[in-house]
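Asks: Each step along the sequence shown adds one to the number in the UniProt record's numbering, with nothing skipped, and position 63 is 63.
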Amino acid sequence: MAAAAAASVEDERIGPKAPRSSSLTEAEEAAVVTFRRTTHLPLDDCLFALQCFIPHLTRSSLHRLYQRHDISRLPRETGPNTKGLTLRAYPIGYLHLDICQVRTG
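1) At which residues does the alpha helix (DSSP H) containing aspartate 45 begin and terminate?
2) Is serine 21 closer than 7 Å to leucine 57 when the C-beta atoms are compared?
3) Counting pairs of Cβ atoms below 8 Å between the stretch 47-57 and the stretch 88-95, do you hit three or more?
4) Just tell me which of Asp45, Ile14, Asp98, Asp11 has its CA closest to the CA of threonine 104.
5) What does the alpha-carbon distance come out to for the pair serine 60 and leucine 41?
6) For the alpha helix (DSSP H) containing arginine 59, list its first residue and its last residue.
Next up, the structure:
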């Protein structure tokens, strides 16, 4: 019995053609992706903020979702406040502290 001729010699994807989360609904998935794109918060901060609304959300499922939507890595900050600051050279023993406000919730 002869095998059917393939239309292409490229390797095909193994698994579902349109992957989706098994633990989140489509609405929850869309909300999580929108949250990440609008806030640009790191993974753990997103998890902390979103677990209030989606209690069954885990860090691994959130990370897989971000990878699937190509938003797992935050873009580099570009703008007027991030112009590549360089620090002056100080003698050994000098302690330099930068203080800033961090909002996580």
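Don't be surprised by glycine CBs; every beta carbon is placed ideally from N, CA and C.
Replies: Taking the structure as given:
1) Start at 1 with the first residue of the sequence shown, and residue 45 comes out as number 45. Here the alpha helix (DSSP H) through aspartate 45 covers 43-50.
2) As a first step, residue 57 must be located in the sequence shown, where it is residue number 57. As a first step, residue 21 must be located in the sequence shown, where it is residue number 21. Contact: no.
3) no
4) Taking the first residue of the sequence shown as 1, we reach residue 104 at position 104. Measuring from the Cα of threonine 104, the nearest candidate turns out to be Asp45.
5) As a working mapping, residue 60 is identified with position 60 in the sequence shown. As a working mapping, residue 41 is identified with position 41 in the sequence shown. Distance between the alpha carbons of serine 60 and leucine 41: 16 Å.
6) The residue given as residue 59 occupies position 59 in the sequence shown. Unbroken alpha helix (DSSP H) run through arginine 59: 59-68.
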